[in-house]
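Quick note, the sequence shown lines up with residues -22 to -1, 1 to 114 if you use mature numbering (1 follows the signal peptide of the UniProt record, and there is no 0).
Structure, as structure tokens:
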Amino acid sequence: MKKTIVSLIAAAFAVAALPAAAETVVIVSAKNPASRMFSEQAAQFFLGKSTMFTPIDQAEGSAIRNDFYKKVADKDAAQVKALWSKLVFTGKATAEPKEYKSNADVRKAVAEDPKAIGYIDKSAVDDSVKVILTLQ
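Here it is, written out as structure tokens:
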């Protein structure tokens, strides 16, 4: 009985650690000539400082979105939202990045637009997109 309880507790900790172990990657269409990018460059596109790429975002409030912005820009969701609101209000941007509900939806949107850039879990990558940055 004691071994069963210990096993259940260990399994619960292993499952709880899975999201933290997921690796986030920045992707572009397979048709895009870009092959590599630094975190600072990715932050420029997702924070409205450059229009070279069209950013595709994960759903607001998702764990991957929060993790992404923390890693590339050292910002939380509220800071990013405030930044985009200011850009739209001042006319420096027309709208916030389009949001998609899942890795598959983001991957599909990025694959269909050679100017798009997005981020997904590494396990969701397929041949329609290419990884240009892996976030640690």
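Virtual Cβ for every residue (Gly too), placed ideally from N, Cα, C.
Remember, it's a predicted structure, so these values are computed and weren't measured experimentally.
Selection S40, A12, S17 evaluated against N81 yields S40 as nearest (Cα-Cα). In the assembly as shown, S7 is a buried residue. Its beta-carbon has 16 or more other beta-carbons within 10 Å.
Pairing L25 with L61 gives a Cβ-Cβ distance under 8 Å. For D105, the closest of I34, T72, K48, N10 by C-alpha to C-alpha distance is N10. Secondary structure note for L65: its alpha helix (DSSP H) is the uninterrupted segment 55 to 68. DSSP places S7 within a strand segment (E or B) once states are collapsed to three. Note that the C-beta distance between D45 and E77 is not below 8 Å. Here DSSP, grouped into helix, strand and coil, assigns K108 to strand.
Contact annotation, K100 with V3: C-beta distance approximately 5 Å; criterion of less than 8 Å satisfied. Residue state for K27 is assigned as coil, using DSSP reduced to three classes. Exposed is the label assigned to F16, since fewer than 16 other Cβ atoms lie within 10 Å of its Cβ. DSSP places K76 in no alpha helix (DSSP H) but in the uninterrupted beta strand (DSSP E) bounded by 76 to 78.
Between the C-alpha atoms of K64 and E1 there is a straight-line separation of about 31 Å.
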